[in-house]
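Novice:
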Amino acid sequence: DGGTHESGSKTAMTRAFNEYARKIGILKEKDKNLDGSDIREGLSAIVSVRIPEELLQFEGQTKGKLGTSEARSAVDAVVSENLAYFLEENPETSTLLVRKAIKAYQAREAARKAREEARSGKKRKRSEATLSGKLTPAQSRNPQKNELYLVEGDSAGGSAKQGRDRRFQAVLPLRGKVINTEKAKLADIFKNEEINTIIHAIGAGVGADFQV
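The numbering of the sequence shown is UniProt numbering, which starts it at 1 and goes up by one.
Now the structure itself:
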């Protein structure tokens, strides 16, 4: 957090985008406002302010954070006016940015639900059902020594099971080609059965809750 000038710009940006999204009908009356973090994802801004010495205030021991309250309201006003004008004058770009923010929100919600499920007992039952008849586990329970082999199809899985060292090698056959997670939306990734199978087989959680 850089201080009051940064918070002023963030507040103005969030308000401007939400007002525009409602004006063009992408956000309906029943919809919640877009979160500022979703709007700012993938965007960069440079905020430069000049403050009279008598108003200049800093916060923190290192004096690295601007504390001048007037900077917040001044930046808020400037960004609000100019960003609102930009959004109105550039509808194609503005609509793309709003839809990008909505996709960021959807991805964040999908990750949140996955983390909540990972914490709940429901996940354990679903995990057992998902892995039933698929995972051939290793005898060892030592994650530092164990290996997990992902193979394509039951045919390859059968050969891998016969040739493995059952003491520390596990085999998990997957059906066909797995979704390309580099290009796919997070919500679609978590809907993919094979990806969920891998997550459950590893058993280390996902996202912020990932822990080996």
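Where a beta carbon is used, it is the ideal one built from N, C-alpha and C, also for glycine. Model, not experiment: these values are computed from the prediction.
Counting Cβ pairs, one atom from each stretch, are 3 or more of them under 8 angstroms apart for the stretch 186-200 and the stretch 162-171?
Specialist: They do not touch, by the three-pair rule.
Novice: Roughly how many angstroms lie between the CA atoms of V178 and E147, to the nearest whole one?
Specialist: Residue 178 sits at position 178 when you count from the first residue of the sequence shown. Residue 147 sits at position 147 when you count from the first residue of the sequence shown. Roughly 20 angstroms separates the two Cα atoms.
Novice: Kindly indicate which three-state DSSP category V78 falls into: helix, strand or coil?
Specialist: The residue given as residue 78 occupies position 78 in the sequence shown. Three-state DSSP puts V78 in a helix.
Novice: If we call anything under 8 angstroms between Cβ atoms a contact, is residue 253 one with G157?
Specialist: What is shown of the chain runs 1 to 212, which leaves residue 253 out entirely.
Novice: Using a 10 Å radius around the Cβ and a threshold of 16 neighbouring Cβ atoms, would you call R72 buried or exposed?
Specialist: The sequence position of residue 72 within the sequence shown is 72, counting from 1. Buried is the call here.
Novice: Within the continuous alpha helix (DSSP H) that includes Q57, where are the two ends?
Specialist: Sequence index remark: in the sequence shown, residue 57 carries index 57 (1-based). From DSSP, Q57 is part of no alpha helix (DSSP H); its letter is neither H nor E.
Novice: So what does K134 bridge to, in DSSP terms?
Specialist: Position 134 of the sequence shown holds residue 134. Answer is none; K134 lacks a bridge partner.
Novice: So for G205, helix, strand or coil by DSSP?
Specialist: On the sequence shown, position 205 is the one that residue 205 refers to. Of the three classes helix, strand and coil, the one that applies to G205 here is coil, per DSSP.
Novice: Taking Cβ positions, are T197 and K134 nearer each other than 8 angstroms?
Specialist: In the sequence shown, counting from the first residue as 1, residue 197 sits at position 197. In the sequence shown, counting from the first residue as 1, residue 134 sits at position 134. Going by C-beta atoms, T197 is nearer than 8 angstroms to K134.
Novice: With DSSP as the reference, label V151 as helix, strand or coil.
Specialist: Counting from 1 along the sequence shown, the entry for residue 151 is found at position 151. Strand.
Novice: By Cβ distance, which residues of its chain are closer than 8 angstroms to K45, with the 5 residues on each side in sequence left out?
Specialist: Within the sequence shown, residue 45 is the residue found at index 45, counting from 1. What sits at residue 45 in the sequence shown is Ala, not Lys. Hits under 8 angstroms: S9, M13.
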